[in-house]
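Numbering follows this note's numbering, with no gaps: position 111 of the sequence shown is 102.
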Amino acid sequence: MNSKPRISIVGANGRLGRAMLDLCNRHHETVGMTRHYLDLAWSRARIREALAGLETEVMLLTAGNTNVDHCERDPAAARQANCHAVAHIAEWCAERSVRLINFSTDYVFDGEKGDPYREDDPVNPLSHYGRSKLDGEKATMDASDRNLVVRLCWLFGPGKPSATPDWAVQGAVELERLSIVADKVGAPSYTRDIADALLPLLFDEAATGILHLSNSGSCTWLEWGQCCIDAAVECGVEVKTRYAGGVTLQEVFGDKANRPRHTLFSTEKYASLTGRALPDWRDSVRAYVKDYVAPRFL
-8 MNSKPRISIV GANGRLGRAM LDLCNRHHET VGMTRHYLDL AWSRARIREA
42 LAGLETEVML LTAGNTNVDH CERDPAAARQ ANCHAVAHIA EWCAERSVRL
92 INFSTDYVFD GEKGDPYRED DPVNPLSHYG RSKLDGEKAT MDASDRNLVV
142 RLCWLFGPGK PSATPDWAVQ GAVELERLSI VADKVGAPSY TRDIADALLP
192 LLFDEAATGI LHLSNSGSCT WLEWGQCCID AAVECGVEVK TRYAGGVTLQ
242 EVFGDKANRP RHTLFSTEKY ASLTGRALPD WRDSVRAYVK DYVAPRFL
């Protein structure tokens, strides 16, 4: 039996990293690297030192600085984590013929297209976060044509509190009135569905370049949050606010980093590679709330 780990995961203690680690462990020899093992704030030399001796065929880079407003306040930190460290890791992988799968964001777009974004649509990030992630994409692609960049949007799942599902249910339980952004459109991405969708592509050399992934369907943040509240109530959670109200993106984030309004993805490329689609976002949200959110309030 080959003892060489086939897959390594950077950011294995994060929301997506945990989902990938849990699933990959069932099918492949897998090594999970936490921030203690490899921190994206480190220099090129220290990153290479951390990776020295690692044997792997595929590396999943699930770590990054995803705090949009922190990135706006500290662009240098954003570029270090989302661009420079990515370039150092991509360089190390290319030298060893290791396939790198990096994860990016819908924030590389400006949200003005209206229709679902395809992988080859023009990019125009509105924030330092989006620009740093876009530069990380370029570093990944420039290092090797075997690499894959997976763009995700509205990620949620167990491991760490997820902004809209956890916040919406907690707000409904504690507050007499709850408002959620109603003019931001996209599709949630459940970490467990993303991991399951990517498993058959990890070693697929046809899956290169950029790939858009999200759960099926579309919604606003308000519809997403209301679905979470509905699911919690169905589980027996008692709430003070049964129905959330809507506010605009400008009202909530007016003095903070710019956020794209409409970033629904086309996932046709994924369907052409696999012949399948991800589950509807409503089903995955209900499952997540039932299994991980509602029990905290019962």
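Backbone N, C-alpha and C fix where the C-beta goes; we use that ideal spot for every residue, glycine too. This structure is a prediction, so every number in the text was calculated from the model and none was measured.
Runs of the alpha helix (DSSP H) spanning 4 or more residues and lying entirely within the stretch 160 to 196 occur at 182 to 189, in chain order. Judged by their CB atoms, Ser180 and Leu139 are not nearer to each other than the 8 Å cut-off. CA-to-CA, the gap between Thr199 and Glu63 works out to about 30 Å. Nearest neighbour of Ser135 by Cα position, chosen from Glu196, Asp157 and Gly102, turns out to be Glu196. Contact check for Trp212 against Thr254 fails: the beta carbons are separated by 8 Å or more. For a cut-off of 8 Å, the C-beta gap from Arg17 to Arg90 is around 20 Å, too long to register as a contact.
For the set Asp221, Arg233 and Pro191, the Cα lying nearest the Cα of Thr265 is the one of Pro191. Inter-segment contact for the stretch 229 to 240 and the stretch 159 to 178 is present: three or more beta-carbon pairs are separated by less than 8 Å.
Tyr234 is classed as exposed because its beta carbon has fewer than 16 other beta carbons within 10 Å across all chains shown.
When secondary structure is reduced to three states using DSSP, Phe94 falls in the strand class. Secondary structure at Asp274: helix, using DSSP grouped into helix, strand and coil.
Looking at Gly5, Gly8 and Gly23, the one whose alpha-carbon comes closest to that of Arg(-3) is Gly23. Comparing alpha-carbon positions, the option among Ala68, Cys84 and Thr57 lying closest to Asp97 turns out to be Thr57.
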